[in-house]
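Accompanying notes for the structure given below.
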Amino acid sequence: MTTTTTTRSPGDPADTTGTSDVELLIGGMTCASCAARVEKKLNRIDGVSASVNYATEKAHVSYPAGIEVADLIATVVRTGYTAEEPPPPRPAPEEAPEAAEDPELAGYRQRLTVTALLAVPVILLSMIPALQFADWQWLALTLAAPAVVWGGLPLHRAAWTNARHGAATMDTLVSIGTLAAFGWSLWALFLGDAGMAGMKDEFRFTVSRADGASTIYLEVAAGVVAFVLLGRYLEARSKRQAGAALRALMELGAKDVAVLRDGREVRIPVADLAVGDRFVVRPGEKVATDGTVVEGASAVDASMLTGESVPVDVGVGSAVTGATVNVGGRLVVAAARVGADTQLARMARLVEEAQNGKAEVQRLADRISAVFVPVVLVLTLVTAGVWLAVTGDTVAAFTAAVAVLIIACPCALGLATPTALLVGTGRGAQLGILIKGPEVLESTRRVDTVVLDKTGTVTTGRMTLREVYADGATGADEVLRLAGAVEHASEHPVARAIAAGAAERLGELPGVSGFENVPGRGVRGRVGDREVAVGRLFDTLPEELAQAKEAAERDGRTAVTVGWDGTARGVVTVADAVKETSAEAVGALRALGLTPVLLTGDNRAVAEAVAREVGITEVVAEVLPGEKVDAVRRLQREGRSVAMVGDGVNDAAALAVADLGLAMGTGTDAAIEASDLTLVRGDLRVAADAIRLARRTLGTIRGNLVWAFGYNVAALPLAAAGLLNPMIAGAAMAFSSVFVVTNSLRLRTFR
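The sequence shown runs 1 to 751 under UniProt numbering.
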């Protein structure tokens, strides 16, 4: 059955024709195993496909007709968490605080501060016998009790909620470990010998035999809670920093705009702008939305959207993008796209979708996290049993078991992929590189061949004046001046290129009278006292001009003969100009280990001339749009992994077939939709940057996973063998998560 997929906005009724998508904000998740539980419960509903991201705290859910969003929310609530739809977007107030305080972050900071102030004296008293005055243990209990109970309340509450739903998470491990250590200490103090005056304790890095009735673990209970809260606080702050690029992108737009109403300027909120409205952009102001300049000339700074540092000149007829900054004169712009259709909104949507997605490596990590906690609980019991059986020492068995509980928390495993993806995609957006999804990262690693469409990708896509040849008796400027004057009256692309080139080189051109278009052969007209003809209107050419024309055509250029008074006087050549940065871009792609291939429907002579100019040796020319797909597939059958860079409608199918599709953002919507990566700026060098960034992000993810897996694999045997004090285990567990997030944040420095 064919279904239609629609994206629902908050408050819309359920779709009754096919599959609908909704994004839910999930609350109460504290680790990757929480996300795995919610995802598993949602996916058990018939027809539902859900992906839950721990780092972004969001669930993307596809659901069939007959199921309501309320049913999905109820399922999440029954699992022990909260869920709600995101509120509809509202325009931000003009004078919003620059960085509003995150309530979660503020809560963690307050709880961490109090807990640390209570835990530090307990740890010092327990570790340094010289500080242990008579009855010091009772002061330690007084300080440790609120640290464990109040400081660890979020952990205990989450563990209890999960237990009620028959589940175990990281909070279960920490809660059981700290409460067990605290409970043992209470028993030793009130019912054993630990409460006696003059009792001395000594901190040990490893498990040792001792009298259980005189051993207390207050420093473990308070210290582990403090370390876990520190890890949570740093993790929350780092996650906020990781998402800063997307937030900055979404806040780039103008807040209000001066619209022209009956010739007067009326300032209105940008949200009230409609397609077709004309609005004014003064120097220093942001362009309110995507549109076309209808009055004025200026330069526009698009660096915040494209990463391009040099402002772009615009004039009447030029397209401008919302959120770019006018740095020159006054402009009047006709709005072409508003709201969710603007390039800024589409960029933000693509980035957010990529950040909410999951790479295959993350799915593996999630599956491991889901079973990891129950396995650790079993391992804890086994550790305690083995120690008791081998040594008969209850204290040593208890200490080793608590260390196993605390060291095993799989936080780092759950954060390894999403934090790197958050930072990598956000940094890409700042540089004008939009990564559509995490699976794209895995494709960039395998690619070894890059197919480059010629027109609009390697070249500018428009005809440009190249050389002017003149006979010995006439100057080149005179040939160009007269040719430009006559061609100025024609609409042919070659004529426009000659006229524009002449005006640029020589300034204002003379007028023409008696203009005539000779179909299929050229144009002629009177300029001053001369009858000028341009095109194929001369039967014979002087030898030097004939040779110049032949050489130009051999190099793939279009050669036009210019003459007057019945005699050929010169040859003007035009061609689709190669972009200034294309040769450098091809070199950068080669440096990444990629073999460039030029693909075009143009004739072979033109294609080979362009290829020589930019340093490409492999050319596929004279292919129809449908044959571009066959060309890509032929390379794939040769065992190559192919990336395709294009910008036109005729490239869309090839972009979709390629192992990695890169669309120039200056191209068509069809090409952008079919691609995996979108390069907002029409500069081929960004293609190399995009592949480098994607590979760097994937490398960071793999490094994070190696650390997270390696940490747990190495630490668990050490804890089980009694080589780790539980408090050291708690510190190591907390800093494992911090390491993973900090490593991901290094992507923010990508250049």
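No residue lacks a Cβ here, since even glycine has one placed at the ideal position from N, Cα and C.
Span of the alpha helix (DSSP H), counted from its first residue to its last, around A271: Translated into positions along the sequence shown, residue 271 becomes position 271. Where A271 is concerned, there is no enclosing alpha helix (DSSP H), given that its DSSP letter is neither H nor E.
Buried or exposed by the 16-neighbour rule on C-beta atoms within 10 Å, applied to L594: Sequence index remark: in the sequence shown, residue 594 carries index 594 (1-based). It counts as buried.
Range covered by the beta strand (DSSP E) that runs through M644: Start at 1 with the first residue of the sequence shown, and residue 644 comes out as number 644. Start and end: 642-646.
Under 7 angstroms between C-beta atoms of V275 and V225: By 1-based counting over the sequence shown, the position of residue 275 is 275. By 1-based counting over the sequence shown, the position of residue 225 is 225. V225 is positioned such that its CB atom lies no closer than 7 angstroms to that of V275.
For S318, the first and last residue of its enclosing beta strand (DSSP E): On the sequence shown, position 318 is the one that residue 318 refers to. First-last for S318: undefined, no H or E at that position.
Other residues of its chain near R692: CB distance less than 6 angstroms, five sequence neighbours each side excluded: Translated into positions along the sequence shown, residue 692 becomes position 692. Closer than 6 angstroms at the Cβ level, and outside the excluded window around R692, lies no residue.
Three CB pairs or more closer than 8 angstroms across the region 418-432 and the region 627-644: no
Continuous beta strand (DSSP E) assignments of at least 3 residues falling wholly in the region 520-580: 522-527, 530-535, 558-564, 567-578
V175 and L155 closer than 7 angstroms at C-beta: Taking the sequence shown and counting its residues from 1, the one referred to as residue 175 is at position 175. Taking the sequence shown and counting its residues from 1, the one referred to as residue 155 is at position 155. As written in the sequence, residue 175 is Ser, which differs from the Val given in the question. Going by C-beta atoms, S175 is nearer than 7 angstroms to L155.
Unbroken stretches of the alpha helix (DSSP H), 4 residues or longer, contained in the region 376-410: 394-407
Beta bridge counterpart(s) of A583 as assigned by DSSP: Stepping through the sequence shown from its first residue, residue 583 is reached at position 583. Answer is none; A583 lacks a bridge partner.
Closest by C-alpha distance to G587, when choosing among R612, V61, V572: For the purposes of this step, residue 587 is taken as the residue at position 587 of the sequence shown. When each option's Cα is compared against that of G587, the closest is R612.
Nearest-angstrom beta carbon gap, A609 and D555 [assumed within contact, 8 angstroms]: As a working note, residue 555 is residue 555 in the sequence shown. As a working note, residue 609 is residue 609 in the sequence shown. Sure, about 5 angstroms apart at Cβ, within 8 angstroms.
G317 versus L598, G291, V327, residue with shortest Cα-Cα distance: Taking the first residue of the sequence shown as 1, we reach residue 317 at position 317. Cα-wise, what sits closest to G317 is G291.
Segment limits, beta strand (DSSP E) that includes D290: Residue mapping note: residue 290 aligns to position 290 of the sequence shown, counting from 1. Element bounds for D290: 290-295.
Every unbroken beta strand (DSSP E) within the region 155-181, with a cutoff of 3 residues, ordered by chain: none
Alpha-carbon spacing of V38 relative to V76, whole angstroms: By 1-based counting over the sequence shown, the position of residue 38 is 38. By 1-based counting over the sequence shown, the position of residue 76 is 76. Roughly 6 angstroms between the two C-alpha positions.
Continuous alpha helix (DSSP H) assignments of at least 4 residues falling wholly in the UniProt domain "HMA" (20-84): 32-43, 69-79
Residues that L660 bridges to, as DSSP identifies them: Translated into positions along the sequence shown, residue 660 becomes position 660. Note: L660 sits in a beta bridge opposite A643.
Cβ-based burial, F190 [other Cβ within 10 Å; buried from 16]: Taking the first residue of the sequence shown as position 1, residue 190 is located at position 190. Exposed.
Anticipated Cβ contact below 8 angstroms, E606 with A483, distance rounded: One-based indexing of the sequence shown puts residue 606 at position 606. One-based indexing of the sequence shown puts residue 483 at position 483. Just to set this straight, residue 606 is Val in the shown sequence, not Glu. 22 angstroms between Cβ atoms; not a contact.
A497 beta carbon less than 7 angstroms from that of L465: By 1-based counting over the sequence shown, the position of residue 465 is 465. By 1-based counting over the sequence shown, the position of residue 497 is 497. Yes, the pair counts as a contact, with Cβ atoms nearer than the cut-off.
Inter-residue Cα distance where the pair is A643 and L105: Residue 643 sits at position 643 when you count from the first residue of the sequence shown. Residue 105 sits at position 105 when you count from the first residue of the sequence shown. Looking at the two C-alpha atoms, the distance is approximately 42 angstroms.
Identity of the residue in A591, A568, P64, E23 nearest S51 by Cα: The count along the sequence shown starts at 1 and reaches residue 51 at position 51. If we check each option's Cα against that of S51, E23 comes out closest.
Cβ neighbours of A381 in the same chain (closer than 8 angstroms, five flanking residues each side left out): Locating residue 381 in the sequence shown gives position 381, counting from the first residue. Correcting the residue type first, residue 381 is Leu in the shown sequence and not Ala. Hits under 8 angstroms: A401.
Beta-ladder partner(s) of Y469, from DSSP: By one-based count along the sequence shown, residue 469 stands at place 469. Y469 is bridged to V571.
Counterpart residues of N326 in DSSP-defined beta bridges: Here the question's residue 326 lines up with position 326 in the sequence shown. DSSP, once it has assigned bridges, lists V300 as partnering N326.
Residues that L677 bridges to, as DSSP identifies them: Walking along the sequence shown from the start, residue 677 turns up at place 677. DSSP, once it has assigned bridges, lists I435, L662 as partnering L677.
Beta-ladder partner(s) of F279, from DSSP: As a working mapping, residue 279 is identified with position 279 in the sequence shown. F279 pairs with V259, V333.
First and last residue of the uninterrupted beta strand (DSSP E) at D453: Working through the sequence shown from its first residue, we reach residue 453 at position 453. 449-453 is the span of the beta strand (DSSP E), which, as asked, contains D453.
Cβ neighbour criterion (16 or more within 10 Å) applied to K549: Residue mapping note: residue 549 aligns to position 549 of the sequence shown, counting from 1. Buried, since its Cβ has 16 or more Cβ neighbours within 10 Å.
Residue from L25, V122, G80 whose Cα sits closest to the Cα of P87: On the sequence shown, position 87 is the one that residue 87 refers to. Comparing Cα positions, the closest option is L25.
Cβ-Cβ separation, L506 to L541 (assumed contact under 8 angstroms), whole Å: Within the sequence shown, residue 541 is the residue found at index 541, counting from 1. Within the sequence shown, residue 506 is the residue found at index 506, counting from 1. Between L506 and L541 the Cβ distance is about 24 angstroms, and since that is not below 8 angstroms, they are no contact.
Coarse secondary structure for S490, derived from DSSP in three states: Within the sequence shown, the letter at position 490 stands for residue 490. Secondary structure at S490: coil, using DSSP grouped into helix, strand and coil.
E219 classed as buried or exposed, judged by whether at least 16 other C-beta atoms fall within 10 angstroms: Numbered from its first residue, the sequence shown carries residue 219 at position 219. Of the residues assessed, E219 falls on the buried side of the cut-off, its CB having 16 or more other CB atoms within 10 angstroms.
Start-to-end residues for the beta strand (DSSP E) that takes in T595: Within the sequence shown, numbered from 1, the residue matching residue 595 stands at position 595. T595 -> beta strand (DSSP E) spans 595-599.
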